[in-house]
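Working notes, structure below.
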Amino acid sequence: MTQPRLVAWKCDTCDDDITEPGKAIVTWRRDDDRRGYDFRIVHKNLDGRHCDPGAENGFILNTELSSFLGHNGLAYALSLLSPGPIMGDTDVQVVDFNGFVDLVRRTQTPWYEQARPHWHTEHTRHWLDDANQVYPYQPEVLERIAKQELGR
Numbered sequence: 000m001t002q003p004r005l006v007a008w009k010c011d012t013c014d015d016d017i018t019e020p021g022k023a024i025v026t027w028r029r030d031d032d033r034r035g036y037d038f039r040i041v042h043k044n045l046d047g048r049h050c051d052p053g054a055e056n057g058f059i060l061n062t063e064l065s066s067f068l069g070h071n072g073l074a075y076a077l078s079l080l081s082p083g084p085i086m087g088d089t090d091v092q093v094v095d096f097n098g099f100v101d102l103v104r105r106t107q108t109p110w111y112e113q114a115r116p117h118w119h120t121e122h123t124r125h126w127l128d129d130a131n132q133v134y135p136y137q138p139e140v141l142e143r144i145a146k147q148e149l150g151r
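Straight run, no breaks: the sequence shown in numbering that gives the first Met the number 0 ends on number 151.
Right, dumping it as structure tokens:
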């Protein structure tokens with residue numbers, strides 16, 4: 000298997016590649032209890048792009064994609080989930096757990112983003128039909144999904 004990499008993401012608005020994390024944001028909405036949901040990775044509104052859904056559509060929170068990458072990015076992402084014991088506040092800050100986990104996997108797990116377009120293909124479903132909840136998200140399996148090499 001090749002060395003795992005996080006080098007490109009798909010914009011959730013235009014579906015084009017994002018290859019420069021400094022030119023993209025993670026944006027999300029907040030419910031009435033100030034808990035996050037509907038997490039998206041999009042291009043910044045630069046260079047003629049208009050991918051940021053914006054505050055007028057309820058996406059009032061955003062942070063540069065680069066803030067979610069690497070070890071510091073994981074620490075940042077987890078602080079959005081919960082302020083943690085040092086802050087003395089154990090209220091959960093996210094209402095959409097599946098969406099938040101998807102965001103963390105997209106920014107932290109090698110090959111996850113590249114495998115995403117293949118989740119619902121017949122080939123992937125066939126090979127992962129009886130998998131447990133961990134197996135499909137291991138980087139070496141995600142690489143095989145991304146390259147459509149499951150079962151080979």
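The beta carbon of each residue, even a glycine, is placed where N, CA and C say it ideally should be.
Quick caveat, the model's predicted, so the values are computed rather than measured.
Would you report the Cα separation of residue i and residue j, rounded to the nearest angstrom?
{"i": "Y111", "j": "V100", "result": "12 Å"}
{"i": "P84", "j": "S78", "result": "11 Å"}
{"i": "N131", "j": "L141", "result": "14 Å"}
{"i": "E139", "j": "T62", "result": "29 Å"}
{"i": "P82", "j": "R151", "result": "44 Å"}
{"i": "E148", "j": "G47", "result": "37 Å"}
{"i": "H42", "j": "L68", "result": "16 Å"}
Taking only three categories from DSSP, how would you classify residue i?
{"i": "D129", "result": "coil"}
{"i": "T1", "result": "With a pLDDT of 47 at T1, under the threshold of 50, the modelled position of that residue is not reliable, and the figure given next carries that caveat. Looking at T1 - three-state DSSP - the assignment turns out to be coil, as it is neither helix nor strand."}
{"i": "A7", "result": "coil"}
{"i": "I144", "result": "helix"}
Less than 6 Å between C-beta atoms, sequence neighbours within five positions excluded: which residues of the same chain meet that for residue i?
{"i": "C13", "result": "C50"}
{"i": "A7", "result": "D16 and T18"}
{"i": "Q113", "result": "A145"}
If you compare alpha carbons, which of the options is closest to residue i?
{"i": "P116", "options": "I144, D37 and G21", "result": "I144"}
{"i": "R34", "options": "G98, D128, K43 and G21", "result": "G98"}
Spatial neighbours of residue i within its chain, please: C-beta separation below 8 Å, excluding the five flanking residues on both sides.
{"i": "T1", "result": "Confidence is the limiting factor: at T1 the pLDDT is only 47, short of 50, which leaves the residue's position unreliable, though a coordinate-based value still follows. Result list for T1: E142, in chain order."}
{"i": "D129", "result": "none"}
{"i": "H122", "result": "Q147, L149 and G150"}
Output yes or no for whether 8 Å exceeds the beta carbon distance between residue i and residue j.
{"i": "L64", "j": "I40", "result": "yes"}
{"i": "L60", "j": "W27", "result": "yes"}
{"i": "D11", "j": "V94", "result": "no"}
Only counting the same chain, and skipping five residues up and downstream in sequence, which positions put a Cβ closer than 7 Å to that of residue i?
{"i": "R104", "result": "Y111 and Y136"}
{"i": "I24", "result": "V41, K43, D51, N61, T62, E63 and L64"}
{"i": "W118", "result": "none"}
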